[in-house]
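Everything on this sheet refers to the single structure shown next.
There are 2 protein chains.
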Amino acid sequence: MKPSLPKGTRDFSPDEMLRRAHIFDTIRTVYQRYGFLPIETPAMENLSTLEGKYGEEGDKLLFRVLNSGPVLDQVKAAGSATGMEMLTEKGLRYDLTVPFARYVVMHQHELTFPFRRYQIQPVWRADRPQKGRYREFYQCDADVIGSDSLLNEVDLINIIHDVFDALELGVKILLNNRKVLSGIAGVLGEQERIIDITVAIDKLDKIGLDKVNEELKGKGVSETAITRLRPLMELKGSNGDKLETLRGFLAASETGRKGIEELEQILSYLPNERQVEIDITLARGLNYYTGAIIEVKVNDDRSAFTSSICGGGRYDDLTGIFGLKGVSGVGISFGADRIYDVLEEIKGFPDFSTVSTRVLFANFGEAEARYCLGLLQRLRNNGINAELYPDAAKMKKQLAYADARKIPYVALVGTEEMKNGQVTLKDMQKGEQSTITFEELLHVLK
Amino acid sequence: MKPSLPKGTRDFSPDEMLRRAHIFDTIRTVYQRYGFLPIETPAMENLSTLEGKYGEEGDKLLFRVLNSGPVLDQVKAAGSATGMEMLTEKGLRYDLTVPFARYVVMHQHELTFPFRRYQIQPVWRADRPQKGRYREFYQCDADVIGSDSLLNEVDLINIIHDVFDALELGVKILLNNRKVLSGIAGVLGEQERIIDITVAIDKLDKIGLDKVNEELKGKGVSETAITRLRPLMELKGSNGDKLETLRGFLAASETGRKGIEELEQILSYLPNERQVEIDITLARGLNYYTGAIIEVKVNDDRSAFTSSICGGGRYDDLTGIFGLKGVSGVGISFGADRIYDVLEEIKGFPDFSTVSTRVLFANFGEAEARYCLGLLQRLRNNGINAELYPDAAKMKKQLAYADARKIPYVALVGTEEMKNGQVTLKDMQKGEQSTITFEELLHVLK
Numbered sequence: 105m106k107p108s109l110p111k112g113t114r115d116f117s118p119d120e121m122l123r124r125a126h127i128f129d130t131i132r133t134v135y136q137r138y139g140f141l142p143i144e145t146p147a148m149e150n151l152s153t154l155e156g157k158y159g160e161e162g163d164k165l166l167f168r169v170l171n172s173g174p175v176l177d178q179v180k181a182a183g184s185a186t187g188m189e190m191l192t193e194k195g196l197r198y199d200l201t202v203p204f205a206r207y208v209v210m211h212q213h214e215l216t217f218p219f220r221r222y223q224i225q226p227v228w229r230a231d232r233p234q235k236g237r238y239r240e241f242y243q244c245d246a247d248v249i250g251s252d253s254l255l256n257e258v259d260l261i262n263i264i265h266d267v268f269d270a271l272e273l274g275v276k277i278l279l280n281n282r283k284v285l286s287g288i289a290g291v292l293g294e295q296e297r298i299i300d301i302t303v304a305i306d307k308l309d310k311i312g313l314d315k316v317n318e319e320l321k322g323k324g325v326s327e328t329a330i331t332r333l334r335p336l337m338e339l340k341g342s343n344g345d346k347l348e349t350l351r352g353f354l355a356a357s358e359t360g361r362k363g364i365e366e367l368e369q370i371l372s373y374l375p376n377e378r379q380v381e382i383d384i385t386l387a388r389g390l391n392y393y394t395g396a397i398i399e400v401k402v403n404d405d406r407s408a409f410t411s412s413i414c415g416g417g418r419y420d421d422l423t424g425i426f427g428l429k430g431v432s433g434v435g436i437s438f439g440a441d442r443i444y445d446v447l448e449e450i451k452g453f454p455d456f457s458t459v460s461t462r463v464l465f466a467n468f469g470e471a472e473a474r475y476c477l478g479l480l481q482r483l484r485n486n487g488i489n490a491e492l493y494p495d496a497a498k499m500k501k502q503l504a505y506a507d508a509r510k511i512p513y514v515a516l517v518g519t520e521e522m523k524n525g526q527v528t529l530k531d532m533q534k535g536e537q538s539t540i541t542f543e544e545l546l547h548v549l550k
Numbered sequence: 105m106k107p108s109l110p111k112g113t114r115d116f117s118p119d120e121m122l123r124r125a126h127i128f129d130t131i132r133t134v135y136q137r138y139g140f141l142p143i144e145t146p147a148m149e150n151l152s153t154l155e156g157k158y159g160e161e162g163d164k165l166l167f168r169v170l171n172s173g174p175v176l177d178q179v180k181a182a183g184s185a186t187g188m189e190m191l192t193e194k195g196l197r198y199d200l201t202v203p204f205a206r207y208v209v210m211h212q213h214e215l216t217f218p219f220r221r222y223q224i225q226p227v228w229r230a231d232r233p234q235k236g237r238y239r240e241f242y243q244c245d246a247d248v249i250g251s252d253s254l255l256n257e258v259d260l261i262n263i264i265h266d267v268f269d270a271l272e273l274g275v276k277i278l279l280n281n282r283k284v285l286s287g288i289a290g291v292l293g294e295q296e297r298i299i300d301i302t303v304a305i306d307k308l309d310k311i312g313l314d315k316v317n318e319e320l321k322g323k324g325v326s327e328t329a330i331t332r333l334r335p336l337m338e339l340k341g342s343n344g345d346k347l348e349t350l351r352g353f354l355a356a357s358e359t360g361r362k363g364i365e366e367l368e369q370i371l372s373y374l375p376n377e378r379q380v381e382i383d384i385t386l387a388r389g390l391n392y393y394t395g396a397i398i399e400v401k402v403n404d405d406r407s408a409f410t411s412s413i414c415g416g417g418r419y420d421d422l423t424g425i426f427g428l429k430g431v432s433g434v435g436i437s438f439g440a441d442r443i444y445d446v447l448e449e450i451k452g453f454p455d456f457s458t459v460s461t462r463v464l465f466a467n468f469g470e471a472e473a474r475y476c477l478g479l480l481q482r483l484r485n486n487g488i489n490a491e492l493y494p495d496a497a498k499m500k501k502q503l504a505y506a507d508a509r510k511i512p513y514v515a516l517v518g519t520e521e522m523k524n525g526q527v528t529l530k531d532m533q534k535g536e537q538s539t540i541t542f543e544e545l546l547h548v549l550k
């Protein structure tokens, strides 16, 4: 019986774990720099919390957990559609946003608003697995809830800059505003088709203008509106140019003007070297954004990727679904798996040899091992990751182990070294070795 | 509709998260000191991996995940016991040991043996929830696989010492050996009742000698054997005394003598200040241990707890269930939830004010906020966690926010400070404030 994994799930081996920790730790550190605090929610949520929050398609992609107890009896009793509730009333977390909204409502009396939280946890989706798409993957979210101030958007954009600066990856940050999109739909006389229009516009990058227009037509958007929309879809130039065109187009729309004002305000808070690019084709499929919409794409000579690796925006009433009305929020989410793939592609991961073992003590037998244990404890007390090969195996085997584990140094302590209080240290990369004191050893390894 | 959580599951709020991170980070750092490398496995495993590994009781406590797709149709089709496989073929991880064994077998050709891995992840059990027992909880395991050397046991015991030294919690480390238990059963002529005897002995602490003897009798252990066992159950004194009594009792048992030798060997490798206590009543319910059995109990004047907070042992054929024979392993697991409760009880958590926000900049309006953004960026570039209150709210509200968030300093930057390039810093604990330069601010906050 050969063991296997459920499709769409993965093991992470030590090398991958260290690289992933590099990404998560970077994001976590930056979140904390901006005053965001960590929370965690359980993997299982009640289905009443999850269902109906992700659209019909999302409901189908929820992983449902069987009620515990005498399951077989339940299965028999559940031989009809009405039996479903007896069979399953819990599901696995589908994203971090809905559990966060549930958390805020349940803990509203303990929280200090504005509440800035971050959350780095796996989510599960019964999507068809394919390259780069998994059934279990991590999300890394930060949200501010309970403040309308655009300074929150500014913080989040600065966070994005800090994270990718720290990861040394070139990116392009795109900014839009749902009010601008609403204004456009209003001016076109297609207010009730705002969702159709934004969904179609969102695809411009992927399917091109003709296909987008076709889709708009199919949705019943008028020819006149499609023609008027065209110059906006092809909007080019600096942010200043774009804003000027928008100001003209949206002059008659109060909502549209408010959206422009918000864009201008955010841009004005950002220093020159941390600017973002206005992109009115950005809609991010999700319909719950009400203000800023943010998306980050790879923009690095070393990478062929142009995909989205981070996104977010403002939503005005996320907790309303759980009975807490009028609480505004804004948040972002980093796509750790995609960032991983890009950093792998550009060989952007640092050297982790200080994280894993720095030195392996060879094992020459019981007396030597006993002596080495004392040295090891002193090294470890000095914060150095060190190990003793557990068996008095052939030296070739022990060195092969150090090699496979990429341990940079092997310490050889035999009778002679024990007598002189010294250590023979072999540099595995250079192949050189020298006999030194413990203090010198400490110095080399630090 | 009031949202709720599935029973036995928990949210972790920021204060709890920081405390939990203190425990996890301590364990992680020590594991790495000893050359253990991290892995992660997916939350869902195939039921074929999980079932039959935890006994009949364990199978009942597995959380099963419904197959995705048209679930209702499956439910109808599954109106008989044979339909179960159509309904569910995945379950949530019940512990970290079986997924690790599965991992080793699947990745055996990429791994370097002896393989030292650690793993810190949640597990799920459909246990009846009660105080201190949850349906989702974290395990923190370390195992060495592919080496028979007792130096591995020594490393694990040193790890336990290091972790509780770092957490500043007094503990008692108990050590036993399955071979000693086997030897005892053999000498008593009850070899085939070794499991019954160890399970009963394991309860000595909880139910007392009389109840244990009753249980042994119930299992069919002879009166003679129970009488002969008595002095061993009441074994007292130093490790030396205990070993001497055991040497006498087990003189005729080869297995027993081997067990004594292993105990002696491990003790001899440990320095005086890091000793363990031999406890032959220790069996840890689990039947798969074949050599050393380790358990850690709280032993601290400040705590009323005496419960087990860490345990482990050697198992000889863990991967055999997945087709890889003859690979010996030894491991330990820290009970993070119990350690949390003990540290909470003794007020053993450090001050986390350096981890969360160090300084809040008050918001006096747009111009001041704009000015403060520059200062904030400089602080953050210096590794200081800092935030700006996002709205120009009343000062009382802003100070109340800092207070509730336990932010130690509030920076007040108005027209005067902007003109002079200074910051008025309010120490929230002392209530004092002084006007200082940015360099002085940096110095105070660092």
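First to last, the protein sequences are chains G and X.
Heads up, the first sequence is in our numbering, so the first residue is 105 and it goes up one at a time.
Heads up, the second sequence is in our numbering, so the first residue is 105 and it goes up one at a time.
Ideal placement from N, C-alpha and C gives every residue a C-beta, glycine not left out.
* Asked: When we look at the beta-carbon of residue 190 of chain X and count the other beta-carbons within 10 Å, is it buried (16 or more) or exposed?
  -> As a first step, residue 190 of chain X must be located in the second sequence, where it is residue number 86. Per the 10 Å Cβ criterion, exposed.
* **Selection from X:150, X:106 and X:142 that minimises the alpha carbon distance to residue 112 of chain G** => As a first step, residue 112 of chain G must be located in the first sequence, where it is residue number 8. The residue with the shortest Cα to Cα distance from residue 112 of chain G is X:150.
* If we cut at 8 Å on Cβ distances, does residue 459 of chain G have a partner in chain X? -> Position 355 of the first sequence, counting from 1, holds the residue named residue 459 of chain G. Using beta-carbon distances, residue 459 of chain G counts as an interface residue toward chain X, with a partner under 8 Å.
* Asked: Should residue 93 of chain X go down as buried or exposed, given a rule of 16 or more other Cβ atoms within 10 Å for buried?
  -> Missing from the structure shown is residue 93 of chain X; chain X here goes from 105 to 550 and no further.
* residue 376 of chain G versus chain X: which residues are under 8 Å apart at the beta carbon? -> The count along the first sequence starts at 1 and reaches residue 376 of chain G at position 272. None at all; the shortest Cβ gap to chain X is about 12 Å.
* Of the listed residues X:125, X:136, X:131 and X:126, nearest to residue 483 of chain G (C-alpha basis) -> What you label residue 483 of chain G is simply residue 379 of the first sequence in a count that begins at 1. Of X:125, X:136, X:131 and X:126, the smallest CA-CA separation from residue 483 of chain G is found for X:136.
* To do: Tell me the start and end of each unbroken alpha helix (DSSP H) in the region 423 to 479 of chain G that is at least 4 residues and wholly inside, in chain order.
  => Fully contained in the region 423 to 479 of chain G are the following alpha helix (DSSP H) runs of length 4 or more, in chain order: 440 to 449.
* Could you tell me whether the region 241 to 250 of chain G touches the region 425 to 440 of chain G, where touching means 3 or more Cβ pairs closer than 8 Å? => Result yes; three or more Cβ-Cβ pairs closer than 8 Å.
* To do: Measure the Cβ-Cβ separation of residue 530 of chain X and residue 513 of chain X and say whether it is below 8 Å.
  => For this step, residue 530 of chain X is matched to residue 426 along the second sequence. For this step, residue 513 of chain X is matched to residue 409 along the second sequence. Going by beta carbons, residue 530 of chain X and residue 513 of chain X fall inside the 8 Å limit.
* **Validate contact between the region 341 to 360 of chain X and the region 313 to 328 of chain X using beta carbons, cut 8 Å, 3 pairs** => At 8 Å Cβ cutoff, the stretches do not touch.
* Unbroken stretches of the beta strand (DSSP E), 3 residues or longer, contained in the region 230 to 307 of chain X -> Entirely contained in the region 230 to 307 of chain X, the beta strand (DSSP E) runs reaching 3 residues are, in chain order, 240 to 249 and 275 to 281.
* Kindly list the residues whose CB is nearer than 7 Å to the CB of residue 209 of chain G, restricted to its own chain and excluding five residues on each side of it in sequence; keep chain order. => Numbered from its first residue, the first sequence carries residue 209 of chain G at position 105. Closer than 7 Å at Cβ, skipping near neighbours: 423, 426, 427 and 428.
* Asked: Contact check, residue 431 of chain X vs residue 249 of chain X under 8 Å by CB: the rounded distance?
  -> Taking the first residue of the second sequence as position 1, residue 431 of chain X is located at position 327. Taking the first residue of the second sequence as position 1, residue 249 of chain X is located at position 145. The distance from the Cβ of residue 431 of chain X to that of residue 249 of chain X is about 6 Å, consistent with a contact at the 8 Å cut-off.
* Asked: Between the beta-carbon of residue 272 of chain G and the beta-carbon of residue 395 of chain G, is there less than 8 Å?
  -> On the first sequence, residue 272 of chain G is found 168 positions in, with the first residue counted as 1. On the first sequence, residue 395 of chain G is found 291 positions in, with the first residue counted as 1. When the beta-carbon positions are compared, residue 272 of chain G and residue 395 of chain G stay at least 8 Å from each other.
* **Contacts of residue 169 of chain X in chain G (Cβ-Cβ under 8 Å)** => As a working note, residue 169 of chain X is residue 65 in the second sequence. The answer, in chain order, is 167, 168, 169, 170 and 196.
* Take the Cβ of residue 416 of chain X as the centre, count every other Cβ of all protein chains shown within 10 Å, and call the residue buried at 16 or more, exposed below. => By one-based count along the second sequence, residue 416 of chain X stands at place 312. Using a 10 angstroms sphere on the CB of residue 416 of chain X, the tally of other CB atoms reaches 16 or more, which defines it as buried.
* Pick helix, strand or coil for residue 417 of chain G, following the three-state DSSP scheme. => For the purposes of this step, residue 417 of chain G is identified with residue 313 of the first sequence, where counting begins at 1. Reduced to three states, the DSSP call for residue 417 of chain G is strand.
* Candidates G:504, G:201, G:520 and G:142: which alpha carbon is nearest residue 157 of chain G's? -> Position 53 of the first sequence, counted from the first residue, corresponds to residue 157 of chain G. It is G:201 whose Cα lies nearest to the Cα of residue 157 of chain G.
* Taking the continuous alpha helix (DSSP H) assigned at residue 117 of chain X, which residues delimit it? -> Position 13 of the second sequence holds residue 117 of chain X. Residue 117 of chain X -> no alpha helix (DSSP H), and no H or E assigned at all.
* **As assigned by DSSP and simplified to three states, the class of residue 481 of chain X** => Walking along the second sequence from the start, residue 481 of chain X turns up at place 377. Three-state result, residue 481 of chain X: helix.
* Length-filtered (3 minimum) beta strand (DSSP E) runs lying within the region 479 to 535 of chain G -> Counting only runs of 3 or more, we get 490 to 492, 513 to 516 and 526 to 531.
* Is the CB-CB distance between residue 380 of chain X and residue 285 of chain X below 8 Å? -> Taking the first residue of the second sequence as position 1, residue 380 of chain X is located at position 276. Taking the first residue of the second sequence as position 1, residue 285 of chain X is located at position 181. Cβ atoms of residue 380 of chain X and residue 285 of chain X: not closer than 8 Å.
* Contact between the region 111 to 130 of chain G and the region 137 to 147 of chain X (3+ Cβ pairs under 8 Å) -> Put simply, the region 111 to 130 of chain G touches the region 137 to 147 of chain X. At least three CB pairs are less than 8 Å apart.
* How about residue 201 of chain X: is its C-beta nearer than 8 Å to some C-beta of chain G? -> The residue you call residue 201 of chain X lines up with position 97 of the second sequence. At a cut-off of 8 Å between C-beta atoms, residue 201 of chain X does not count as an interface residue with respect to chain G.
* Cβ neighbours of residue 238 of chain G in the same chain (closer than 6 Å, five flanking residues each side left out) -> Mapped onto the first sequence, residue 238 of chain G falls at position 134. 112.
* Check whether the Cβ of residue 295 of chain G lies closer than 8 Å to any Cβ atom in chain X. => Position 191 of the first sequence, counted from the first residue, corresponds to residue 295 of chain G. Not closer than 8 Å to any Cβ of chain X, the Cβ of residue 295 of chain G fails to qualify, so no.
* Asked: Quick one: what's got a C-beta closer than 8 Å to residue 128 of chain X's C-beta in the same chain, skipping five residues either side?
  -> Walking along the second sequence from the start, residue 128 of chain X turns up at place 24. Setting aside the 5 residues that flank it on each side, residue 128 of chain X is surrounded in the same chain by 224, 242, 244 and 440, each with a C-beta closer than 8 Å to its C-beta; the list follows chain order.
* To do: Please name the residue, chosen from G:166, G:492 and G:392, that lies closest to residue 251 of chain X on a Cα-to-Cα basis.
  => For this step, residue 251 of chain X is matched to residue 147 along the second sequence. For the residues G:166, G:492 and G:392, the minimum Cα distance to residue 251 of chain X belongs to G:492.
* To do: Please list the partners that residue 209 of chain X has in chain G, where partner means a Cβ-to-Cβ separation under 9 Å.
  => Locating residue 209 of chain X in the second sequence gives position 105, where the first residue counts as 1. Chain G residues near residue 209 of chain X: 106 and 107.
* Relative to the alpha-carbon of residue 282 of chain G, which residue among G:364, G:409 and G:270 has its alpha-carbon at the smallest distance? -> What you label residue 282 of chain G is simply residue 178 of the first sequence in a count that begins at 1. Among G:364, G:409 and G:270, the Cα nearest to that of residue 282 of chain G is on G:364.
* Return no unless some Cβ of chain G is closer than 8 Å to the Cβ of residue 367 of chain X. => Here residue 367 of chain X refers to the residue found at position 263 of the second sequence. For residue 367 of chain X, the closest Cβ of chain G is not nearer than 8 Å.
* To do: Tell me residue 226 of chain G's beta-bridge partners as DSSP assigns them.
  => Locating residue 226 of chain G in the first sequence gives position 122, where the first residue counts as 1. DSSP lists G:242 as partners of residue 226 of chain G.
* To do: Have a look at G:411, G:318 and G:349 and flag the residue whose alpha-carbon is nearest the alpha-carbon of residue 276 of chain G.
  => Counting from 1 along the first sequence, the entry for residue 276 of chain G is found at position 172. Residue 276 of chain G has its Cα closest to that of G:411, out of G:411, G:318 and G:349.
* To do: Consider the C-beta atom of residue 252 of chain X and the heavy atoms of the ligand FMN; say whether any pair is separated by less than 7 Å.
  => In the structure shown, the ligand FMN is absent, as is every other ligand, since no ligand is present at all.
* Residue environment, residue 159 of chain G, which counts as buried when at least 16 other CB atoms sit within 10 Å -> As a working mapping, residue 159 of chain G is identified with position 55 in the first sequence. By the beta-carbon neighbour count (other beta carbons within 10 angstroms, threshold 16), residue 159 of chain G is exposed.
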